[in-house]
Structures are given as structure tokens and as C-alpha cells.
Amino acid sequence: MDARPRVDKLHGMSSIARALLLLERLVAIDTTSARSNAPLIEFVRGELAAQGIECRVTVEGEKANLHAIIGPRVAGGLALSAHVDCVPVEGQAWLADPFALRRQDGRVIGRGACDMKGFVACVLAMVPEMLAADLARPFHLCLTHDEETTFRGADRLMDELGHDAPPPALCIVGEPSGMAPIIAHKGYASWDVVFTGLSGHSSRADTTANALMAAAEAVAWLKAEARRFATQGRRVEGFVPPYTTVHVGTFRAGTVLNIVPDHAAFTLEVRTVPGDEASEVLARFVAQVESAILPELRAVHPESAMIVAPRARAPALELDEHHPLLALVQRTSGSNSRGFVSYGTEAGYYQRAGIPAIVCGPGDIAQAHQPEEWIAESQLQACCTFLERLIEDQVRGTG
Numbered sequence: 005m006d007a008r009p010r011v012d013k014l015h016g017m018s019s020i021a022r023a024l025l026l027l028e029r030l031v032a033i034d035t036t037s038a039r040s041n042a043p044l045i046e047f048v049r050g051e052l053a054a055q056g057i058e059c060r061v062t063v064e065g066e067k068a069n070l071h072a073i074i075g076p077r078v079a080g081g082l083a084l085s086a087h088v089d090c091v092p093v094e095g096q097a098w099l100a101d102p103f104a105l106r107r108q109d110g111r112v113i114g115r116g117a118c119d120m121k122g123f124v125a126c127v128l129a130m131v132p133e134m135l136a137a138d139l140a141r142p143f144h145l146c147l148t149h150d151e152e153t154t155f156r157g158a159d160r161l162m163d164e165l166g167h168d169a170p171p172p173a174l175c176i177v178g179e180p181s182g183m184a185p186i187i188a189h190k191g192y193a194s195w196d197v198v199f200t201g202l203s204g205h206s207s208r209a210d211t212t213a214n215a216l217m218a219a220a221e222a223v224a225w226l227k228a229e230a231r232r233f234a235t236q237g238r239r240v241e242g243f244v245p246p247y248t249t250v251h252v253g254t255f256r257a258g259t260v261l262n263i264v265p266d267h268a269a270f271t272l273e274v275r276t277v278p279g280d281e282a283s284e285v286l287a288r289f290v291a292q293v294e295s296a297i298l299p300e301l302r303a304v305h306p307e308s309a310m311i312v313a314p315r316a317r318a319p320a321l322e323l324d325e326h327h328p329l330l331a332l333v334q335r336t337s338g339s340n341s342r343g344f345v346s347y348g349t350e351a352g353y354y355q356r357a358g359i360p361a362i363v364c365g366p367g368d369i370a371q372a373h374q375p376e377e378w379i380a381e382s383q384l385q386a387c388c389t390f391l392e393r394l395i396e397d398q399v400r401g402t403g
């Protein structure tokens, strides 16, 4: 695929036409989580370089982050942040090539079109307007990797901001929200859990350490913990559901019925409302296993164990409803709402780094991760209008 800069073709086009052309190019680059996102990062770097904008690209293996500053390198900047990795398409019922953008009945269809290359395309489409404006404060364009898996890109980015210039003062994460401001989301943490025991014939279960049954007992405790949160746990109205959730998503163990399994594995996630900590849930879980489950296995096979390995972690987001950032986004988006969502984003990383953050971007989260993923052209237009107003604000320096 030709990934050369197309800036020459963007001049003279409307913002929505530019966004659609750029989105076509972005979707065509397969950045599903098992693949490198470097080709897309290089495409964006080329687009920006052709307009005289330098980028800081940091590479980790086959993955990369990009940070570009548009405007004066002064304090008070506004970050426009997005991840560029996508979920896989295997096993989904797509009607055509997921990486060839299609337009149909006001919808733009393709993997990542909604989550969240549509936002990236709109930001890139508005760069000429940013450059033409007399900005009092800069825009920071932040693109990350692996949000769909480990959040590793956002975690690394926090160390990179402020390297060559003052870091942004505020951040807008453009996850699909229907262009409505989101001021809070749950925290997220997940782990791989592995039980090991001792195999043998099922007729002599007394001489074996059944890892599957131990893991199942552990999952039963997690189910009880999930029930406790639902009935007795902290409640934060605005979230759906308004309490912390505990979920086991996969379970793998056993080969045939008459062989006792010596290995069992499952994946665990916890989504916390503000005030709850996933680390505390994990600590209670480990204590329960160590005191009530593993001793029975170790009585037969002392080497029996449970191994817990972190998969991903995303801090919760909680922006005060009186913060000026909410007023700014309400004014420029035209939406006076202030929503709460249960899914995680990278906004919590900015908040943890001392940069107040909010979520506002084009598209409907219900379309994310789905076959025939789509975003409405009207949402892309609304995002371009939103960015135009943000540019005006950065010129005035009144946000």
C-alpha cells in the first residue's frame, strides 16, 4: 500500500472530505492487536512532516507511540489523544474486506472506523487549520499502541510527555461517545491465573492434585465476590452497573475424563468504581486461595501452586463536574451532558499523571469491536466542527 503523504491532495477540500480520505488510508493499515502499528505511525509522521511538523516517535519492539506538538511550545497545551490499535476480525461475519473502507447510507464501514481511527482522521484533517491559526497555546497529538490489550502504550507515553516542551495541561481522549462529554469511567485490571497440581488416573484421585477442581473452586469464590459487590458493595450512581464487577472470561483445563488435570488456567478482570481498588480484590482472592484451596493440593503434591500474572491495568477516570475542562468540551461539542461509562480508556493515565482528562469523540461505542464496524458520517462532521471550535479557543487562550 502506498503510504506516502497525501497533503497535496487535501488542500482545497472540506474538512469532512479530508477526514474521509484520511480515514480510508488509516483503515487500510491493519493495526489489529497482534500486528505492528508502526506502518500507521509512519504514515501519520509523513503527513505531519509534509506540513513542517516534527514528531517524537518512540518504539518498543514492533509497536510505537507518536507525540507531536502543533503550535507554540508553551505551557497550557491541549492533548488530543487516541489509540491506533484495533481488535481482531477473525471469526466475525464481515460482508467485505474489513480493511477497505466502505460508505453506505451515511455510514462509513471498516475495522477501526469507530474505535478509534475516525477521531484520528478528523484530527489530521484539521491540522491545516491548526497551522493557519495564531494559536496562543499548542495542540498535542498523542497516538498510542496496545490499548485493546495491555494499555502499555499509554503507560509509556506518560513518561514521554514533557520531554522536549511543557506537557499538555489538559487532555481530550477521542473514544466514541457520540460527541458527548464523559467525565468518569471505571478502572480496569485483568490477570492470567494458572493452577498447577499433579496428574494421574482418575481412579486414584487420592494420589493426585486436581488443578481443574482447585481453579473451579477459586472461580466460585470470585463469583461470590461479584455477587457481594452487586448486593453490598459501594455504589456510584451514573455507572451501569453502579458497582464494581468481577468477571472470569476464559477457562482452559483437562484432556480426557479419566486423567486428573495438573494444569488449569483462566483469565480474570475487575472493573472498579471510584473508591474501590482492583489490587484489594486481588489480595483477598490470593489470600483465600492460599488459606483454603492450595493446602489440600499441597498435602498431596507440595509443589502445587497458583501463579497470577498481570495482563492489563487502566486507572479509573473521575473529573470534577465543576472543572473548566468539562465546560470547555460542553461548549465546543454543543452537548451539555456529563456522562459516566463502565468501559475503560486511556484518560485515567493522563489523570494519574496530573493532566485533567475527559472523553469525547465521534461514533457509538455499541459499534466498536463488532463485525461491520461503522461510524456515521454525521459524527465525523460533528467532530470536525468540535475541533474547529477548539482551535478558536486555543487562539483566544480562554479554555
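Position one of the sequence shown corresponds to residue 5 (my numbering), numbered consecutively onward.
Glycine is no exception: its CB is placed at the ideal position from the N, C-alpha and C atoms.
Pick helix, strand or coil for R8, following the three-state DSSP scheme.
Your numbering for residue 8 matches position 4 in the sequence shown. No answer about R8 holds up, because its pLDDT of 46 lies below 50 and its placement is not dependable.
Shortest alpha-carbon distance to L99 belongs to which of S40, E377 and V197?
Here residue 99 refers to the residue found at position 95 when the sequence shown is read from its first residue. Residue E377 is the option with its Cα nearest to L99.
Is W195 helix, strand or coil by DSSP?
Taking the first residue of the sequence shown as 1, we reach residue 195 at position 191. In the structure shown, W195 sits in a strand (DSSP, three-state: E or B).
By a C-beta neighbour count over all protein chains shown, 10 Å radius and 16 as the cutoff for buried, is Q236 buried or exposed?
To locate residue 236, count along the sequence shown from 1; it is residue 232. Under this definition Q236 is an exposed residue.
Who are the Cβ neighbours of A268 in its own chain at under 6 Å, not counting the five residues just before and after it?
Along the sequence shown, one-based indexing puts residue 268 at 264. Excluding positions up to five away in sequence, the list reads F199, A215, L216, A219 and A257.
Tell me the rounded alpha-carbon separation between R49 and S40.
For this step, residue 49 is matched to residue 45 along the sequence shown. For this step, residue 40 is matched to residue 36 along the sequence shown. One C-alpha to the other measures close to 15 Å.
To which residues of the same chain is R238 closer than 8 Å at the C-beta, ignoring the five residues directly before and after it?
Start at 1 with the first residue of the sequence shown, and residue 238 comes out as number 234. So the list reads Y247, T248, V277, G279 and D280, once near-sequence residues are dropped.
Does I359 pass the burial test, meaning 16 or more other C-beta atoms within 10 Å, or should it be called exposed?
Translated into the one-based positions of the sequence shown, residue 359 becomes position 355. Under this definition I359 is a buried residue.
Could you check what DSSP says for W225 in three-state terms: helix, strand or coil?
Walking along the sequence shown from the start, residue 225 turns up at place 221. Of the three classes helix, strand and coil, the one that applies to W225 here is helix, per DSSP.
Using DSSP with H/G/I as helix, E/B as strand and the rest coil, what is L145?
Counting from one through the sequence shown, the residue named residue 145 turns up at place 141. Strand at L145.
I need the boundaries of the beta strand (DSSP E) containing P314, first residue and last residue.
Taking the sequence shown and counting its residues from 1, the one referred to as residue 314 is at position 310. Its beta strand (DSSP E) spans residues A309 to A318.
Which residues share a DSSP beta bridge with V250?
Within the sequence shown, the letter at position 246 stands for residue 250. V274, per the DSSP bridge assignment.
Please state the DSSP three-state secondary structure of A23.
Here residue 23 refers to the residue found at position 19 of the sequence shown. Helix, per DSSP.
Tell me whether E241 is buried or exposed, calling it buried when 16 or more other Cβ atoms sit within 10 Å of its Cβ.
As a first step, residue 241 must be located in the sequence shown, where it is residue number 237. Answer is exposed; the Cβ neighbour count stays below 16.
Assign R317 to one of two classes, buried (16 or more other C-beta atoms within 10 Å of its C-beta) or exposed (fewer than that).
Counted from its first residue, the sequence shown places residue 317 at position 313. Under this definition R317 is a buried residue.
So, using beta-carbon positions, are I176 and L84 closer together than 8 Å?
In the sequence shown, residue 176 corresponds to position 172, counting from 1. In the sequence shown, residue 84 corresponds to position 80, counting from 1. Yes, they are a contact pair.
To the nearest angstrom, how far is it from the Cα of P185 to the Cα of R232?
As a position in the sequence shown, residue 185 is number 181, starting the count at 1. As a position in the sequence shown, residue 232 is number 228, starting the count at 1. Distance between the alpha carbons of P185 and R232: 31 Å.
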